[in-house]
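Data block below; observations after.
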Amino acid sequence: MKLTDNMIGALLMMGAMAAYTINDTLMKTLAGTVPLFQVIFLRGCLTSVAVGVIAWRMGAFSRRVSRRDSGAIALRVAGEVAGTYFFLTALYHMPLANVTAILQSLPLALTLAAAVFLREPVGWKRITAVLAGFIGILMIVQPGAEGFNVYALYGLAAVVCVTVRDLATRQLSRETSSMLVTFATSVTVMTVFGIASAADDWAPMSAEAWATVAGAAVLIIAGYLASIMVVRVGEISFTAPFRYTAILWALLLGWLVFGDWPEPLVLLGAGIVVASGIFTLYREARLGRQKSPAPALRQR
Numbered sequence: 311m312k313l314t315d316n317m318i319g320a321l322l323m324m325g326a327m328a329a330y331t332i333n334d335t336l337m338k339t340l341a342g343t344v345p346l347f348q349v350i351f352l353r354g355c356l357t358s359v360a361v362g363v364i365a366w367r368m369g370a371f372s373r374r375v376s377r378r379d380s381g382a383i384a385l386r387v388a389g390e391v392a393g394t395y396f397f398l399t400a401l402y403h404m405p406l407a408n409v410t411a412i413l414q415s416l417p418l419a420l421t422l423a424a425a426v427f428l429r430e431p432v433g434w435k436r437i438t439a440v441l442a443g444f445i446g447i448l449m450i451v452q453p454g455a456e457g458f459n460v461y462a463l464y465g466l467a468a469v470v471c472v473t474v475r476d477l478a479t480r481q482l483s484r485e486t487s488s489m490l491v492t493f494a495t496s497v498t499v500m501t502v503f504g505i506a507s508a509a510d511d512w513a514p515m516s517a518e519a520w521a522t523v524a525g526a527a528v529l530i531i532a533g534y535l536a537s538i539m540v541v542r543v544g545e546i547s548f549t550a551p552f553r554y555t556a557i558l559w560a561l562l563l564g565w566l567v568f569g570d571w572p573e574p575l576v577l578l579g580a581g582i583v584v585a586s587g588i589f590t591l592y593r594e595a596r597l598g599r600q601k602s603p604a605p606a607l608r609q610r
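Add 310 to a position in the sequence shown, counting from 1, and you land on the number used in our numbering.
Given below as structure tokens:
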């Protein structure tokens with residue numbers, strides 16, 4: 311079976327969610343020992359060097375960027391910087407599952423934004439799949455008043471910023487290298503948080519802390535690339551629901567790292583999330599087969 315652009319986008323989205331969630335877990339382990347801005351700056355340094363070398367070897371810097379794409383890149387970078395600040399601030403002060411759950415409102419936000427601003431067709435079946443996945447998220451987290459405080463608003467602000475970021479990425483032409491966009495994003499994040507970290511006292515870091523930051527840098531590079539490629543391949547309204555797989559990674563990491571075993575209701579919610587993603591993927595595969603032209607008859 312030939313993969314459609316939407317199916318490729320779904321696979322990229324799942325890969326991005328895995329990379330981002332593992333990165334978030336590593337970053338959270340440093341909470342309370344290393345200041346947030348210091349961690350983001352150091353991670354940005356490692357990321358920028360690695361991405362810069364890859365982009366240079368791929369010839370990304372030799373390609374000319376149009377004025378229209380430059381504006382889209384600037385908007386995307388602004389969304390990434392603001393989203394990074396809001397999300398990681400919330401992550402440092404809230405449980406991983408709660409922050410991850412707030413971020414799962416992204417599929418609905420992106421689906422609606424794509425319909426309004428990009429005029430993407432969104433049928434009732436796709437909307438139903440998104441809503442079903444969101445209900446599964448609520449069953450997993452079972453949010454209560456004790457889990458949501460002022461930092462929950464930071465999480466919601468991150469959702470808005472990431473929505474802007476992905477819409478801006480969607481406006482990029484195919485001629486603009488994804489590696490160049492990744493490099494611009496990484497350097498800007500590094501610079502902004504490097505300046506911000508100068509106002510705080512830096513904390514000494516152990517070899518384990520440095521290894522954690524290095525691992526987070528590798529994962530954030532993978533997440534950057536996959537998240538850029540996904541919105542340039544498939545429809546945002548289709549690939550957005552696969553962000554729900556992040557909560558599955560959060561559940562797994564919570565069990566492995568913190569020893570938390572999900573309750574039956576949580577497992578049921580996870581099943582709904584998986585089912586909504588499988589349904590969306592199956593529906594796209596059927597549509598792809600229906601749109602494929604019939605093979606021409608060979609002349610004898």
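Beta carbons: idealized from backbone N, C-alpha and C, even for Gly. Model, not experiment: these values are computed from the prediction.
Assignment of glutamate 390 by DSSP, reduced to helix, strand and coil, places it in the helix class. Only residues of its own chain outside the window of five on either side were considered, and among them Ala478 have a CB closer than 6 Å to the CB of leucine 385, listed in chain order. Boundaries of the alpha helix (DSSP H) harbouring glutamine 348: 346–367, taken from the DSSP string.
In this chain, the alpha helix (DSSP H) harbouring valine 470 covers 460–480. Remark: three or more beta-carbon pairs, one from each stretch, lie closer than 8 Å, so the stretch 553–562 and the stretch 433–450 are flagged as touching. Counting of Cβ neighbours within 10 angstroms places valine 460 among the exposed residues, the total staying below 16.
Non-local C-beta neighbours of alanine 326 in its own chain, meaning closer than 6 Å and more than five positions away in sequence, comprise Gly533, Ala536, Ser537, ordered along the chain. Nearest to alanine 425 by C-alpha distance, out of Val576, Arg480, Leu575, is Arg480.
Counting along the chain, the unbroken alpha helix (DSSP H) around leucine 420 starts and ends at 416–427. In the structure shown, the three-state DSSP call for aspartate 379 is helix. Non-local C-beta neighbours of glycine 319 in its own chain, meaning closer than 6 Å and more than five positions away in sequence, comprise Val540, Val543, Gly544, Thr549, ordered along the chain. Secondary structure note for methionine 317: its alpha helix (DSSP H) is the uninterrupted segment 315–339. The Cβ-Cβ distance between valine 359 and threonine 498 does not fall below 9 Å. Take the alpha-carbon of alanine 400 and the one of leucine 346: they are about 11 Å apart. Fully contained in the stretch 544–568 are the following alpha helix (DSSP H) runs of length 4 or more, in chain order: 546–549, 555–568.
Of all alpha-carbon atoms in Thr522, Pro574, Leu562, the one lying nearest the alpha-carbon of threonine 343 is that of Thr522. Rounded to the nearest whole angstrom, the CA to CA distance from threonine 335 to glycine 354 is 17 Å.
By alpha-carbon distance to isoleucine 588, the top candidate from Met324, Lys312, Asp315 is Met324. Of the candidates Met449, Leu416, Gly504, Ile364, the residue whose Cα lies closest to the Cα of leucine 578 is Met449.
Our two residues, alanine 560 and threonine 410, have alpha carbons roughly 7 Å apart in a direct line.
When the beta-carbon positions are compared, alanine 370 and phenylalanine 493 come within less than 9 Å of each other.
By the C-beta density criterion, isoleucine 505 is exposed, having fewer than 16 other C-beta atoms within 10 angstroms. When the five nearest sequence neighbours on each side are left out, the beta carbons in the same chain lying within less than 8 Å of the beta carbon of alanine 365 are those of Phe371, Ser487, Met489, Leu490, Thr492, Phe493, in order along the chain. Pairing serine 380 with serine 483 gives a Cβ-Cβ distance that is not under 9 Å. Between leucine 340 and alanine 468, the C-beta spacing is not below 9 Å. Taking 9 Å as the cut-off, the Cβ atoms of threonine 473 and alanine 392 do not count as close.
Residues Pro345, Phe347, Gln348 of the same chain have their beta carbon placed closer than 8 Å to that of aspartate 510, with the five preceding and five following residues left out of the count. For the options Arg436, Lys435, Ala526, Gly581, the alpha carbon positioned closest to that of leucine 356 is the one of Ala526. Assigned with DSSP and collapsed to three states, methionine 404 falls in coil, not helix or strand.
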